[in-house]
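With positions in the sequence shown counted from 1, the corresponding number in my numbering is that position plus 15. Beta carbons are placed, not taken as given, at the ideal position from N, Cα and C, and that holds for glycine. A quick write-up on the structure given underneath.
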Amino acid sequence: MSEVQSYYLYPSALFAEKEAHLVSTILGSCVAVCLYDPVLNIGGINHFMLPLWNGQGLASPRYGNIAIERLIERMLLLGSKKGNLKGKVFGGAEVIETKVANFYIGERNIKVAVDMLLEQNIPIVAKSVGGKLGRKILFNTQTGEVKQKYIEKQNL
């Protein structure tokens with residue numbers, strides 16, 4: 016068996032390849048959706064910052080609705096059948112105290128991820144969302160396993 020490669024996923028990006036990778040990313044109010052195909056043993060992950068693209072500017076994976084749609088498309092291009100996909104959702108913490116009413120970006124990011132996966136009939140088999148702490152996650156694209164570590168707030 017070949018060595019599993021490491022990959023760091025930046026915000027506003029997604030990753031899915033046939034070769035096994037350990038993909039890490041750090042989440043605050045951002046959300047990562049992991050998709051895993053247990054039949055082909057392949058997976059993909061996105062990391063989005065805002066819930067919905069408003070139709071202005073570039074439709075990038077910075078937005079949850081675009082990031083999830085593109086990740087599903089990428090998994091299908093790699094040979095997955097949508098009925099085989101399993102979803103996992105991470106992040107969406109309220110790491111920044113805001114006084115602005117209805118600004119809850121983390122909650123809105125979680126909602127778009129959960130709603131879109133349900134609409135696509137992709138079961139959510141695990142999730143760790145919300146709260147006040149950020150998370151570092153490590154996703155094994157070959158096994159679908161996700162390891163998570165909470166990140167304590169730093170006083171500077």
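Length of the line joining the Cα atoms of residue i and residue j
i	j	result
Gly98	Lys33	18 Å
Asn80	Leu132	10 Å
Lys126	Asn56	27 Å
Gly159	Asn69	32 Å
Arg85	Tyr23	18 Å
Residue i - partner residues in DSSP beta bridges
i	result
Tyr23	Ser39
Glu18	Paired residues: none, contrary to the question.
Tyr165	Arg150
Cys45	According to DSSP, Cys45 bridges with nothing at all.
CA nearest to the CA of residue i, picked from the options
i	options	result
Ala5	Gly72, Val161, Glu167	In this structure the chain extends from 16 to 171, so residue 5 is not present and cannot be described.
Ile111	Lys101, Arg85, Ser44, Tyr23	Ser44
Leu37	Glu88, Ala128, Ile139, Gly58	Gly58
Ala28	Ser75, Lys96, Phe105, Phe118	Ser75
Ile152	Ala35, Ser39, Asn136	Ser39
Glu18	Gln163, Gln157, Lys164, Lys168	Gln157
Lys147	Asp52, Tyr119, Gln20	Tyr119
Nearest-angstrom beta carbon gap, residue j and residue i [assumed within contact, 8 Å]
i	j	result
Ile41	Gly149	6 Å
Same chain, Cβ closer than 6 Å to residue i, five either side skipped, listed in chain order
i	result
Ile83	Val48, Met131
Arg89	Ala31, Gly59
C-beta neighbour in chain B for residue i, strict 7 Å
i	result
Ile152	Given the protein chain composition of this structure (a single chain), no chain B is represented.
Cβ-heavy atom distance, residue i to the ligand FMN, below 6 Å
i	result
Arg85	Ligands are entirely absent from the displayed structure, and the ligand FMN is therefore not among its contents.
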